[in-house]
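A.B. asks:
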Amino acid sequence: MTTPDVRARRIGTEGEPVVVIDHFVPDPHALRVFAATQDYGPAGRHYPGIAASLPDSYMRDQGALIATIAKQVFGMSAGLSLLEARFSIVTMAPSALSIEQRLPHVDAVEPGRLALIHYLVPDETGGTAFYRHRSTGFETIDASRRDPYFAALNRDLAKHGAPESYIAGDTPLFERITRIDGVYNRALLYRSSLLHSGEIADGTSLGSDPQTGRLTITGFFAG
1393 MTTPDVRARR
1403 IGTEGEPVVV
1413 IDHFVPDPHA
1423 LRVFAATQDY
1433 GPAGRHYPGI
1443 AASLPDSYMR
1453 DQGALIATIA
1463 KQVFGMSAGL
1473 SLLEARFSIV
1483 TMAPSALSIE
1493 QRLPHVDAVE
1503 PGRLALIHYL
1513 VPDETGGTAF
1523 YRHRSTGFET
1533 IDASRRDPYF
1543 AALNRDLAKH
1553 GAPESYIAGD
1563 TPLFERITRI
1573 DGVYNRALLY
1583 RSSLLHSGEI
1593 ADGTSLGSDP
1603 QTGRLTITGF
1613 FAG
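Take a look at the structure:
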């Protein structure tokens, strides 16, 4: 059995850590089989697609590794609590996206929050990109930056407009600082305050079938 391969790297001028974990689970195929049996509904939280429940074993089996990384890389030694974890599939056509869904975003501005994405598509269909907001220079948005960031962003949108599709690379508003490929059975762990977006390339299947669509697992944690 292949053991997880954990690598931490720092990105951008703010030097925030992003942890890449290859071979994250022993049997990703079993997760895909389980995903195909679930009932999916709107994901909410501005996610451009649908979501379904995970098997109970997922966090039981992966929780110890996530907690170890949270302590060793992110300095979260007081313990980690699960806020939410689910299967997710991007299904929304570019023409149906809201402005928020066409821009990089953060998952939370509160301190001590982490986000997980686990890629479950055997043929790579894009990964995750991290961004710098050009006019402020921000790569992370915490509570102290939230108001000035959105004020600047609204000025930028009034001047330049938003992308017409899923963001992919540099724009007048944002600079892509790094991109991490969505390799099968790879997971990423990063602070929820990092500006990021899924890389949804042209030609990506936007169907709702978990066997053929862009199936991932997303998780959110507090420490």
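Quick note, the numbering used here runs 1392 ahead of the 1-based positions in the sequence shown.
Even glycine gets a Cβ: it sits at the ideal position worked out from N, Cα and C.
Note that the coordinates shown come from a computational prediction; the quantities given were computed from them, not determined experimentally.
Give a single yes or no on whether D1431 has its beta carbon closer than 7 Å to a heavy atom of the ligand NAP.
C.D. replies: In the structure shown, the ligand NAP is absent, as is every other ligand, since no ligand is present at all.
A.B. asks: What is the C-beta distance between P1409 and V1501, in whole angstroms, given that I count them as a contact (C-beta under 8 Å)?
C.D. replies: Actually they are not in contact, since the Cβ atoms of P1409 and V1501 sit about 18 Å apart, beyond 8 Å.
A.B. asks: Looking at the strands, I want to know which residues DSSP matches up with T1608.
C.D. replies: T1608 is bridged to S1480, Y1511.
A.B. asks: To the nearest angstrom, how far is it from the Cα of E1556 to the Cα of S1480?
C.D. replies: For E1556 and S1480, the distance between alpha carbons rounds to 23 Å.
A.B. asks: Answer with buried or exposed for L1474, where buried requires no fewer than 16 other C-beta atoms within 10 angstroms of its C-beta.
C.D. replies: That one is exposed.
A.B. asks: What are the boundary residues of the alpha helix (DSSP H) that includes I1458?
C.D. replies: It spans 1449-1464 - the alpha helix (DSSP H) in which I1458 sits, taken as one unbroken run.
A.B. asks: Please report the Cβ distance between T1596 and T1517, rounded to the nearest whole angstrom; I am assuming they are in contact, meaning their Cβ atoms lie under 8 Å.
C.D. replies: At roughly 5 Å, the Cβ-Cβ gap stays under 8 Å, so T1596 and T1517 are in contact.
A.B. asks: Here's a check: name, in chain order, each residue in its chain whose Cβ is nearer than 6 Å to the Cβ of R1399, leaving out the five neighbours to either side.
C.D. replies: Closer than 6 Å at Cβ, skipping near neighbours: V1412.
A.B. asks: The alpha helix (DSSP H) that contains F1360, what's its start and end?
C.D. replies: Any answer about residue 1360 is impossible in this case: the structure gives the chain only from 1393 up to 1615.
A.B. asks: Is D1397 helix, strand or coil by DSSP?
C.D. replies: DSSP places D1397 in strand when its eight states are reduced to three.
A.B. asks: Rounding to the nearest angstrom, what Cα-Cα distance links P1602 and R1526 in this structure?
C.D. replies: About 36 Å.
A.B. asks: From what residue to what residue does the alpha helix (DSSP H) around Y1541 run?
C.D. replies: Its alpha helix (DSSP H) spans residues 1535-1552.
A.B. asks: Is L1506 closer than 8 Å to A1535 when the C-beta atoms are compared?
C.D. replies: No, Cβ-Cβ distance for A1535 and L1506 is not below 8 Å.
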